[in-house]
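Asker:
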Amino acid sequence: MSVDLAAVRRIAHLARIGVTDAELPHLQGEINAILAFVEALGEVDVEGVEPMTSVTPMRLPMREDVVTDGEIVRKVLANAPLTEDGFFLVPTVLE
Amino acid sequence: MTTASAGAKLLKGATGDWEVVIGLEVHAQVTSKAKLFSGASTEFGGEPNAHVSLVDAAMPGMLPVINRECVAQAVRTGLALKALINKRSTFDRKNYFYPDLPQGYQISQYKSPIVGEGEILVDLTPDYSIKVGIERLHLEQDAGKSVHDLSPTMSFVDLNRSGVALMEIVSKPDMRSADEAKAYVSKLRTILRYIGSCDGDMEKGNLRADVNVSVRRPGAPFGTRCEIKNVNSIRFIGQAIDTEARRQIEIIEDGGTIKQETRLFDPVRGETRSMRSKEEAHDYRYFPDPDLLPLEFDDEWIDALSAYLPELPDVKKARFIADYKLSAYDASVIVAERETADFFESAVNHGGVKRDAKAVANWLMGDLSAQANAQGVGVVDAGLSAASLATLVDLIGEGVISGKIAKDLLVMLLGPDRGADPRSLVEARGLKQVTDVGAIDSAVDAVIAANPDKAEQAKTKPGMLGWFVGQVMKATGGKANPQAVSDALKARLGL
Amino acid sequence: MTDLTSLTLADARDQLKSRAISSVELTRAHLAAIERARGLNAFVAVTVDKALAMAEASDARLAKGEGGALEGLPIGIKDLYATEGVHTQACSHILDGFRPEYESTVTANLWRDGAVMLGKLNMDEFAMGSSNETSYYGPVASPWLPPNWSADQARAALGDKGKRGLLAPGGSSGGSSSAVAAHLCLAATASDTGGSIRQPAAFTGIVGIKPTYGRCSRWGMVAFASSLDQAGPLARTVRDAAIMLRSMAGPDAKDSTCSTEPVPDYEAAVGRSVKGLTIGVPKEYRLDGMNPEIEALWAKGAEWLRAAGAKVVDVSLPNTRHALPAYYIVAPAEASSNLARYDGVRYGLREPASEIVDLYEKTRARGFGAEVRRRLMIGTYVLSAGYYDAYYVRAQKIRTLIKRDFEIAFANGVDAILTPATPSAAFAIGDKSSADPVEMYLNDVFTVTVNMAGLPGIVTPAGLSAEGLPLGLQLIGRPFDEETLFAIGAALEQAAGRTKLPAPWWA
Numbered sequence: 062m063s064v065d066l067a068a069v070r071r072i073a074h075l076a077r078i079g080v081t082d083a084e085l086p087h088l089q090g091e092i093n094a095i096l097a098f099v100e101a102l103g104e105v106d107v108e109g110v111e112p113m114t115s116v117t118p119m120r121l122p123m124r125e126d127v128v129t130d131g132e133i134v135r136k137v138l139a140n141a142p143l144t145e146d147g148f149f150l151v152p153t154v155l156e
Numbered sequence: 339m340t341t342a343s344a345g346a347k348l349l350k351g352a353t354g355d356w357e358v359v360i361g362l363e364v365h366a367q368v369t370s371k372a373k374l375f376s377g378a379s380t381e382f383g384g385e386p387n388a389h390v391s392l393v394d395a396a397m398p399g400m401l402p403v404i405n406r407e408c409v410a411q412a413v414r415t416g417l418a419l420k421a422l423i424n425k426r427s428t429f430d431r432k433n434y435f436y437p438d439l440p441q442g443y444q445i446s447q448y449k450s451p452i453v454g455e456g457e458i459l460v461d462l463t464p465d466y467s468i469k470v471g472i473e474r475l476h477l478e479q480d481a482g483k484s485v486h487d488l489s490p491t492m493s494f495v496d497l498n499r500s501g502v503a504l505m506e507i508v509s510k511p512d513m514r515s516a517d518e519a520k521a522y523v524s525k526l527r528t529i530l531r532y533i534g535s536c537d538g539d540m541e542k543g544n545l546r547a548d549v550n551v552s553v554r555r556p557g558a559p560f561g562t563r564c565e566i567k568n569v570n571s572i573r574f575i576g577q578a579i580d581t582e583a584r585r586q587i588e589i590i591e592d593g594g595t596i597k598q599e600t601r602l603f604d605p606v607r608g609e610t611r612s613m614r615s616k617e618e619a620h621d622y623r624y625f626p627d628p629d630l631l632p633l634e635f636d637d638e639w640i641d642a643l644s645a646y647l648p649e650l651p652d653v654k655k656a657r658f659i660a661d662y663k664l665s666a667y668d669a670s671v672i673v674a675e676r677e678t679a680d681f682f683e684s685a686v687n688h689g690g691v692k693r694d695a696k697a698v699a700n701w702l703m704g705d706l707s708a709q710a711n712a713q714g715v716g717v718v719d720a721g722l723s724a725a726s727l728a729t730l731v732d733l734i735g736e737g738v739i740s741g742k743i744a745k746d747l748l749v750m751l752l753g754p755d756r757g758a759d760p761r762s763l764v765e766a767r768g769l770k771q772v773t774d775v776g777a778i779d780s781a782v783d784a785v786i787a788a789n790p791d792k793a794e795q796a797k798t799k800p801g802m803l804g805w806f807v808g809q810v811m812k813a814t815g816g817k818a819n820p821q822a823v824s825d826a827l828k829a830r831l832g833l
Numbered sequence: 003m004t005d006l007t008s009l010t011l012a013d014a015r016d017q018l019k020s021r022a023i024s025s026v027e028l029t030r031a032h033l034a035a036i037e038r039a040r041g042l043n044a045f046v047a048v049t050v051d052k053a054l055a056m057a058e059a060s061d062a063r064l065a066k067g068e069g070g071a072l073e074g075l076p077i078g079i080k081d082l083y084a085t086e087g088v089h090t091q092a093c094s095h096i097l098d099g100f101r102p103e104y105e106s107t108v109t110a111n112l113w114r115d116g117a118v119m120l121g122k123l124n125m126d127e128f129a130m131g132s133s134n135e136t137s138y139y140g141p142v143a144s145p146w147l148p149p150n151w152s153a154d155q156a157r158a159a160l161g162d163k164g165k166r167g168l169l170a171p172g173g174s175s176g177g178s179s180s181a182v183a184a185h186l187c188l189a190a191t192a193s194d195t196g197g198s199i200r201q202p203a204a205f206t207g208i209v210g211i212k213p214t215y216g217r218c219s220r221w222g223m224v225a226f227a228s229s230l231d232q233a234g235p236l237a238r239t240v241r242d243a244a245i246m247l248r249s250m251a252g253p254d255a256k257d258s259t260c261s262t263e264p265v266p267d268y269e270a271a272v273g274r275s276v277k278g279l280t281i282g283v284p285k286e287y288r289l290d291g292m293n294p295e296i297e298a299l300w301a302k303g304a305e306w307l308r309a310a311g312a313k314v315v316d317v318s319l320p321n322t323r324h325a326l327p328a329y330y331i332v333a334p335a336e337a338s339s340n341l342a343r344y345d346g347v348r349y350g351l352r353e354p355a356s357e358i359v360d361l362y363e364k365t366r367a368r369g370f371g372a373e374v375r376r377r378l379m380i381g382t383y384v385l386s387a388g389y390y391d392a393y394y395v396r397a398q399k400i401r402t403l404i405k406r407d408f409e410i411a412f413a414n415g416v417d418a419i420l421t422p423a424t425p426s427a428a429f430a431i432g433d434k435s436s437a438d439p440v441e442m443y444l445n446d447v448f449t450v451t452v453n454m455a456g457l458p459g460i461v462t463p464a465g466l467s468a469e470g471l472p473l474g475l476q477l478i479g480r481p482f483d484e485e486t487l488f489a490i491g492a493a494l495e496q497a498a499g500r501t502k503l504p505a506p507w508w509a
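Protein chains in written order, with the working numbering: chain A, 62 to 156; chain B, 339 to 833; chain C, 3 to 509.
#1: Assign Gln-795 of chain B to one of two classes, buried (16 or more other C-beta atoms within 10 Å of its C-beta) or exposed (fewer than that).
#2: Could you check what DSSP says for Trp-221 of chain C in three-state terms: helix, strand or coil?
#3: Helix, strand or coil for Ala-387 of chain C per DSSP?
#4: Does any CB atom of chain B fall closer than 8 Å to the CB of Glu-100 of chain A?
#5: Can you give me, in chain order, the residues of the segment 415-446 of chain B that have a beta carbon less than 7 Å from any beta carbon in chain C?
#6: So if I threshold CB-CB distances at 9 Å, which residues from the segment 388-415 of chain B count as touching chain A?
#7: Could you name the residues of the segment 325-348 of chain C whose beta carbon sits closer than 7 Å to any beta carbon of chain B, in the order they occur along the chain?
#8: If you scan the segment 604-652 of chain B from start to end, which runs of the alpha helix (DSSP H) of 4 or more residues do you find wholly inside it?
#9: For chain C, check one thing: does any of its Cβ atoms lie closer than 8 Å to the Cβ of Arg-623 of chain B?
#10: Please classify Glu-495 of chain C as buried or exposed, where buried requires at least 16 other C-beta atoms within 10 Å of its C-beta.
#11: Considering only the alpha carbon of each residue, which of C:Phe-482, C:Phe-408, C:Trp-508 and C:Lys-122 lies closest to Met-119 of chain A?
#12: Please report the distance separating the alpha-carbon of Ser-665 of chain B from that of Pro-820 of chain B.
#13: Under the rule that 16 or more other beta-carbon atoms within 10 Å means buried, what is Met-62 of chain A, buried or exposed?
#14: Does Trp-356 of chain B come out as helix, strand or coil in the three-state DSSP assignment?
#15: How do the segment 49-69 of chain C and the segment 112-121 of chain C stand: do at least 3 beta-carbon pairs fall below 8 Å, yes or no?
#16: Is the beta carbon of Ile-529 of chain B less than 8 Å from the beta carbon of Leu-362 of chain B?
#17: Within 10 angstroms of the Cβ of Gly-456 of chain C, are there 16 or more other Cβ atoms? Answer buried if so, exposed if not.
#18: Over the uninterrupted alpha helix (DSSP H) stretch that includes Asp-457 of chain B, give me the two end residues.
#19: Select from B:Ser-670, B:Pro-398 and B:Arg-406 the residue whose C-alpha is nearest the C-alpha of Leu-121 of chain A.
#20: Rounded to the nearest angstrom, what separates Leu-643 of chain B and Ala-413 of chain C at their Cα positions?
#21: Report the neighbours of Met-379 of chain C on chain A: residues whose CB is nearer than 8 Å to its CB, in chain order.
#22: On a Cα-Cα basis, can you pick out the residue from C:Phe-408, C:Ser-178, C:Arg-343 and C:Lys-399 that is closest to Gln-444 of chain B?
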């Protein structure tokens with residue numbers, strides 16, 4: 062499989078990575094090189110094989126229902142580019 | 339109220355009848371102290387970003403650890419919905435960008451949910467129910483909140499809700515009218531509240547629904563559906579369905595076709611409208627969350643949770659009908675809230691004696707309910723204990739007070755004399771019913787003497803008796819036993 | 003290199019304990035070495051004050067006869083680990099200025115045991131790379147001189163920001179490998195998603211171990227690919243690596259994938275006899291057109307172990323060749339999701355924009371380097387509707403097959419598997435940053451299977467190439483049997499003789 066320019070543009074938008082039209086052909090080449098590299102996997106017989114969901118034989122551990130965290134507004138906001146009254150600020154979200 | 343016949347549910351169009359097909363995705367906030375994958379509080383409100391851990395804020399390198407109670411709540415709910423409990427389920431990431439979704443993905447269960455198929459018996463009338471199938475129930479994280487109206491150019495992001503556990507309960511497309519959908523949501527809400535897995539507070543958004551609506555000619559295959567997002571009251575669910583069904587019928591009858599899309603219900607304008615932004619090629623790229631392992635538990639744990647489940651509303655209703663001889667209507671009203679049902683039972687059985695259940699039910703659903711409504715609280719919180727209600731019913735049964743006096747007594751007990759013992763209060767206020775024949779006779783005599791012409795009329799018009807009883811009751815301050823008064827009058831007037 | 007920086011971690015520990023040296027002296031010696039080696043660009047932040055304060059505290063504890071397993075030992079930390087109040091950016095521009103309000107579990111464990119932090123080490127951006135060339139802070143030079151280069155020639159090249167022609171220290175833990183090999187720290191933390199500990203170890207003639215998945219907590223370690231990432235140490239001897247891992251590893255209730263198994267005394271396994279152990283040699287690792295030097299080294303390794311009393315047998319791992327392509331689906335897929343949190347909203351870089359989608363796209367376009375952007379796009383693509391089954395699900399099925407291959411080999415009585423570490427010795431910076439990204443990916447061909455199967459793997463130096471560059475061998479073990487790897491690794495180390503690390507031409 063390979064991707065065309067429209068697909069590259071779509072993927073970039075899904076990944077929220079801005080790309081200029083000038084960058085598209087180069088990106089397309091690189092992505093297609095990687096896709097060509099993984100293409101051989103299509104020939105592997107995976108009939109009846111379960112996809113791996115976890116590499117360890119562990120069971121999912123569970124936490125008790127106790128409030129042990131939070132109330133650390135300062136720490137939560139410490140690295141924020143823009144805040145006001147305890148909120149994170151972002152440019153308007155168009156609904 | 340919807341009737342039992344299918345025909346009556348059809349909507350009339352210009353070109354014939356239409357059937358509306360409804361499926362619901364209910365998002366119910368799980369009752370727990372801490373969030374689904376972090377130790378931050380789930381408490382409602384609070385300063386912005388106060389109930390937020392570094393995990394909820396998706397700081398680099400933070401990892402989720404699941405809250406056992408949230409899993410237990412989902413299993414309890416599954417059991418209450420008579421659903422298949424999946425002893426192995428997995429968590430997937432639903433990827434999309436939004437400022438109130440800090441991780442850039444929502445942890446949800448896509449491929450294998452914790453609960454599979456089940457069903458709910460939905461009561462449409464006291465003695466007519468339909469079964470609505472449950473497709474699945476899964477656990478997922480709630481998002482934070484973006485406030486858009488504090489500034490014209492900026493949105494304010496608060497992550498207090500970010501990571502709170504939700505159950506998404508998906509029904510099968512088994513409903514055929516707005517009334518059925520409303521009844522389904524209220525029954526589901528009742529069940530969730532019974533088992534304590536969700537408080538059902540729709541005002542706080544703790545229970546909200548995405549409503550899938552399509553229309554078709556009776557017997558035809560399903561039509562194209564539209565999803566109305568985030569409807570947050572039972573009334574609006576009904577309005578949204580009717581509005582949307584009408585919209586779809588009009589389009590089809592005008593020769594158009596329905597486009598599958600996400601819509602929003604505007605209760606002010608009474609219309610649904612397309613959420614075009616949501617239509618923008620969403621591709622959520624679900625895949626199993628590699629920070630979590632498959633969620634596994636055994637039968638023993640399920641059995642332990644099952645053993646502590648309370649009696650569910652359907653079973654309780656049947657038992658109330660059988661044991662207390664309640665009508666189906668009374669039983670369904672009383673079991674709608676678990677607290678009410680418990681209150682009813684403890685009033686009926688107070689003091690180890692089983693009293694007149696029908697009388698308790700009447701007081702509960704009648705005067706007490708009216709008084710509670712006036713106060714804006716539930717019957718259980720109106721200020722009357724189950725013991726006092728029992729005593730009140732006993733006082734009437736023993737002939738100590740009349741029903742009329744009992745009504746006044748209730749007002750006192752809910753108002754100035756809150757918390758008083760009804761029996762002592764009757765004593766202290768001299769509210770005891772007069773059963774002394776001598777006293778009643780003299781009152782009767784006095785009334786007849788004062789109204790000779792009416793007494794004469796009564797001999798030929800026995801209907802006058804009621805007027806005389808009323809006069810005597812008035813004269814005795816309502817304390818006379820009405821039966822005794824009636825008997826005495828009949829004797830004196832020769833009826 | 004002074005006497006103090008030439009010590010092994012174990013020797014330094016013993017001398018601190020006997021009070022022959024102080025932690026402050028030892029720390030100052032390393033800080034001075036770091037200062038002289040600025041040209042290598044191994045450190046992206048040096049925490050002088052913190053280092054000295056920690057060293058003083060260690061000396062006070064040592065004076066009282068107290069102190070943990072690493073008391074007073076100065077080490078370096080890969081920039082991937084969150085260190086409270088200290089530069090933590092995974093060497094990415096998108097985490098500009100990020101100072102975490104928390105400490106990763108692995109580093110917290112190290113400080114608990116008394117280690118002293120010298121600073122943060124350079125790395126490939128978000129650990130994506132095999133040469134440390136993708137770092138926002140520029141490439142790192144290996145302390146090994148390029149073949150036929152004079153010290154003067156190399157020193158001149160250090161001045162060039164691109165460091166062209168100097169040798170790559172491997173990646174992604176290139177700052178860690180360079181710093182350890184150049185004696186700038188006694189040991190360093192590293193991390194390994196596809197070979198990022200082991201390939202740099204091989205390239206710089208030092209020891210690196212990627213423990214079993216789940217052995218070290220991932221909490222507070224900036225995520226690349228969650229199901230593959232694992233912390234581990236780089237050190238100059240097998241014993242030093244064992245000492246480091248014992249402190250780094252351990253249960254952590256904050257990481258759902260972290261093992262609750264207690265951590266054994268790995269150091270005790272160093273020097274344990276390998277007599278009677280069975281070593282598997284997988285025929286599928288013998289690639290077409292394989293470098294004959296690597297092949298010869300591999301055979302020599304098997305011979306050394308046979309001589310030490312181990313039994314060497316052929317094993318088959320038939321799905322080996324699928325591992326690298328499958329890895330380049332799974333790792334980018336997970337990364338595309340893990341790195342979604344870098345959105346300019348709560349921390350790090352934010353590019354000006356008047357609308358949110360624009361903010362995301364500008365911030366992420368400027369904040370991520372070319373290699374990261376490329377992998378995020380591949381990852382996004384293989385998870386997208388219509389391609390998920392063909393790529394991601396298939397790759398995870400192949401992962402099951404790869405793991406099964408190892409399980410069969412171990413079930414047949416193999417104690418560890420011996421393979422080459424890398425297809426070649428270190429290459430020069432700039433040599434592989436060509437148009438085809440796949441060429442660089444091929445560096446991980448021998449190491450990536452281990453991550454795919456969640457197994458432990460150790461790389462030890464095994465000798466020098468004809469050109470005089472270090473070469474390593476890899477041992478792959480059973481899950482949670484790092485002890486056997488330390489025992490066999492020490493046997494290889496002894497047979498090969500400790501690689502003589504380069505003299506400080508850079509100073």
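Using N, Cα and C, we set each Cβ at its ideal position, and we do this for glycine too.
Answerer: Taking the geometry as given:
#1: Along the second sequence, one-based indexing puts residue 795 of chain B at 457. That one is exposed.
#2: Taking the third sequence and counting its residues from 1, one reaches residue 221 of chain C at position 219. It is coil, neither helix nor strand.
#3: As a working note, residue 387 of chain C is residue 385 in the third sequence. Residue state, collapsed to three classes: coil.
#4: Numbered from its first residue, the first sequence carries residue 100 of chain A at position 39. By this cut-off, Glu-100 of chain A is not an interface position.
#5: Arg-431, Asn-433, Phe-435, Pro-437, Pro-440, Gln-441, Gly-442 and Tyr-443
#6: Ala-388, His-389, Val-390, Ser-391, Leu-392, Val-393, Asp-394, Ala-395, Met-397, Val-403, Ile-404, Asn-405, Arg-406, Glu-407, Cys-408, Val-409 and Ala-410
#7: Ala-335, Glu-336, Ser-339, Ala-342, Arg-343, Asp-345, Val-347 and Arg-348
#8: 614-617 and 637-645
#9: Taking the first residue of the second sequence as 1, we reach residue 623 of chain B at position 285. With 8 Å as the cut-off, Arg-623 of chain B counts as an interface residue toward chain C.
#10: Along the third sequence, one-based indexing puts residue 495 of chain C at 493. So Glu-495 of chain C ends up on the buried side.
#11: Along the first sequence, one-based indexing puts residue 119 of chain A at 58. Ranking the options by Cα distance to Met-119 of chain A, first place goes to C:Phe-482.
#12: What you label residue 665 of chain B is simply residue 327 of the second sequence in a count that begins at 1. What you label residue 820 of chain B is simply residue 482 of the second sequence in a count that begins at 1. One C-alpha to the other measures close to 28 Å.
#13: Your numbering for residue 62 of chain A matches position 1 in the first sequence. The residue is exposed, with fewer than 16 neighbouring Cβ atoms inside 10 Å.
#14: Residue numbering aside, residue 356 of chain B sits at position 18 when the second sequence is read from its first letter. In the structure shown, Trp-356 of chain B sits in a strand (DSSP, three-state: E or B).
#15: yes
#16: To locate residue 529 of chain B, count along the second sequence from 1; it is residue 191. To locate residue 362 of chain B, count along the second sequence from 1; it is residue 24. Their beta carbons are not under 8 Å apart, which means Ile-529 of chain B does not touch Leu-362 of chain B by this criterion.
#17: The sequence position of residue 456 of chain C within the third sequence is 454, counting from 1. Answer is buried; the Cβ neighbour count reaches 16.
#18: Taking the second sequence and counting its residues from 1, the one referred to as residue 457 of chain B is at position 119. Per the sequence presented here, residue 457 of chain B reads as Glu, with Asp not at that position. Taken as a continuous stretch (DSSP letters only), Glu-457 of chain B belongs to no alpha helix (DSSP H), being part of the beta strand (DSSP E) at 456-463.
#19: On the first sequence, position 60 is the one that residue 121 of chain A refers to. Residue B:Arg-406 is the option with its Cα nearest to Leu-121 of chain A.
#20: Position 305 of the second sequence, counting from 1, holds the residue named residue 643 of chain B. Position 411 of the third sequence, counting from 1, holds the residue named residue 413 of chain C. Near 40 Å, if we compare the C-alpha coordinates of Ala-413 of chain C and Leu-643 of chain B.
#21: Walking along the third sequence from the start, residue 379 of chain C turns up at place 377. Result: Val-69, Ile-72, Ala-73, Ala-76, Ile-78, Leu-88 and Ile-92.
#22: Within the second sequence, the letter at position 106 stands for residue 444 of chain B. Here the closest residue by C-alpha is C:Arg-343.
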